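Residue numbers (this note's numbering), protein chains in the order written: chain E, -6 to 164; chain H, 10 to 219.
Positions of the beta carbon are idealized from the N, C-alpha and C atoms, including for glycine.
Just so you know, these numbers come straight off a predicted model, no measurement behind them.
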Amino acid sequence: MATPTSASPTWRSKHPRYVTLTLGDTILALPQGEVHTLESMLDLQPDRQGWRIGWIALHGQRWPVYCPAPSLEPLASLPDARRICVMLTVADGLFGLACEAVATVDAERLETVALPACMSTPEHPIGALAHSGDDLLCISCAADLLAFASRTLRAEGEYGVRQSAPLREPT
Amino acid sequence: MSLESNGWLLKLRGQLRAAVGLRELVHVLPHSPRLYPVPQTPPHARHVILWEGKILPVVDLAAYLEAGVEDDMGTATKQLSLDHLVGIVAYQTAPATEVSLAGMLLGKVPERIRVTDDQACALPQGPAGWQQVAISCFEHPAHGAVPILDLPRLFSGRLSMTAASAAQAWPDYELGYRLENSAAGAAPMAGADEHMGPPLERAALAAGAR
């Protein structure tokens, strides 16, 4: 069977385990190595602006937290079910994603396929798909998700995450 | 002499109909198979399906064709009924390449058809998106002009995001595309007659010529 080849190289690199983040109907799978810590949303310092819903303080600094909808676009309000904040590592520091559930899955158990050509768009945040049992996993990485958020903000006439402020801010 | 081709008449959601070659439809999943949404995808290709252990994209051709008519591009997905069908289709992007599989949302079980050269006709005036996804067209005695789908193009990612934005003129194809000119090696739909009709006499405007 033909295998699509349009995925970014990010997901192709070897990742022994993925962490799955449940966002309603969407389950994101990110390399486990990109997960810094899991935090409680009770620790969130609310401060909504653009995609950001607030901050989480770690290591003497505070880091932005986002709450994407299943479509990956920002939610207008924080659902009660989003009780876990997954802090992710990117080159500039950390950022958090509010999600409903977190789990891990062995990469060996997953057969990944690139996002089909008819579904893909330039710089799509999802690089590949996989299924684990009855669940569909959308494989991405922290940098691609952050880049997607920045592009969306720019398209809406706002500043991107990196352009508006450095990720870290003193607490 | 007018020669016959075999194919399938697909009833899409709404009142739209299209046709594919006999060997291009390999299976039909009735009983509303589970569709998995994928974020940030075009309105006509929002879902995938798990079939035989594989992840296949599912195209809602009606959503693509009607996109310019609907106010909200998200409407297409919201309109998915609880009794949808998915047809599994096979196609090749080029000769001698591997066969790819994909899904199409259907409104009813497909119907076997036989088509002759004499039935060749122009594409329907609307929706405009037919020009993007059809390679030919024939006159069905009951349903009027029925476009024959260019499956490689439909699933290639080369479609514009909406049919409305694809308003540029498209050549008027004759029926020279054989309905049997389907994905080599693809198994016919379970229970289907494997008879391959005689080739059409006209010079083929094959999909690969585009």
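Check	Outcome
With 16 other Cβ atoms within 10 Å as the buried cut-off, status of residue 120 of chain H	exposed
Positions along the region 62 to 94 of chain E whose CB lies within less than 7 Å of some CB in chain H	63, 64, 65
Inter-residue spacing [alpha-carbon to alpha-carbon] between residue 75 of chain E and residue 65 of chain H	30 Å
8 Å contact criterion, which residue 49 of chain H and residue 16 of chain E should meet: CB distance rounded	About 12 Å separates the two Cβ atoms, so there is no contact after all.
Residue-chain proximity (residue 48 of chain H, chain E), Cβ-Cβ < 7 Å	yes
Within-7 Å CB hit, residue 59 of chain H to chain E	yes
Residue from H:42, H:31, H:63 with nearest C-alpha to residue 122 of chain H	H:31
Separation of residue 75 of chain H from residue 81 of chain H, as counted between CA atoms	At residue 81 of chain H the pLDDT is 41, less than 50, meaning the model places this residue with poor confidence and gives no usable figure here.
Straight-line Cα distance separating residue 54 of chain H from residue 79 of chain H	Its pLDDT being 45, under 50, residue 79 of chain H is placed unreliably in this model, and the coordinates cannot settle the point.
Three-way DSSP call (helix, strand, coil) for residue 18 of chain E in this model	coil
Chain E contacts from the region 97 to 111 of chain H (Cβ-Cβ distance under 8 Å)	102, 106, 107, 108, 109, 110, 111
Residues that residue 54 of chain H contacts on chain A, provided the C-beta gap is smaller than 8 Å	Looking at the structure shown, chain A is missing, and the protein chains on hand are E and H.
Residue 57 of chain H vs residue 45 of chain H beta-carbon contact at 7 Å	yes
CA-to-CA distance, residue 124 of chain H to residue 18 of chain H, given in whole angstroms	10 Å
3 or more residues per run - each beta strand (DSSP E) lying fully within the region 92 to 118 of chain H	94 to 100, 109 to 115
Own chain residues within Cβ distance below 6 Å of residue 70 of chain H, not counting five before or after	21
Which residues DSSP lists as bridging residue 148 of chain H, in chain order	H:154
Proximity test, Cβ basis, 7 Å: residue 64 of chain H and chain E	yes
Runs of alpha helix (DSSP H) lying entirely within the region 93 to 157 of chain E, each at least 4 residues, in chain order	135 to 148, 154 to 157
Reduced DSSP category for residue 70 of chain H - H, G, I as helix; E, B as strand; rest coil	helix
Spatial neighbours of residue 103 of chain E in its chain, beta-carbon cut-off 6 Å, leaving aside the 5 residues before and after	123
Beta carbon proximity, residue 106 of chain E to chain H, threshold 7 Å	yes
Cut-off 6 Å between Cβ atoms - residues of its own chain near residue 164 of chain H, not counting five sequence neighbours on either side	111
Beta-carbon spacing of residue 87 of chain E, residue 8 of chain E below 7 Å	no
Chain-ordered neighbours of residue 103 of chain E on chain H, where CB pairs are closer than 7 Å	Under the 7 Å cutoff, chain H gives no residues; its nearest Cβ is about 11 Å from residue 103 of chain E.
Selection of the region 15 to 26 of chain E by Cβ proximity to chain H, strictly under 8 Å	18, 19
Residue span of the beta strand (DSSP E) that contains residue 160 of chain H, given as start and end	Not the beta strand (DSSP E): residue 160 of chain H falls in the alpha helix (DSSP H), residues 160 to 163.
Own chain partners of residue 100 of chain E with C-beta closer than 7 Å, once the 5 adjacent residues on each side are dropped	8, 9, 10, 11
Residue burial classification, residue 84 of chain E (beta-carbon count within 10 angstroms, cutoff 16)	exposed
Residue 45 of chain H at chain E interface by Cβ criterion, 7 Å	yes
Length of the line joining the Cα atoms of residue 155 of chain H and residue 138 of chain H	13 Å
Buried/exposed call for residue 117 of chain E, threshold 16 Cβ in 10 Å	buried
Beta-ladder partner(s) of residue 26 of chain E, from DSSP	According to DSSP, residue 26 of chain E bridges with nothing at all.
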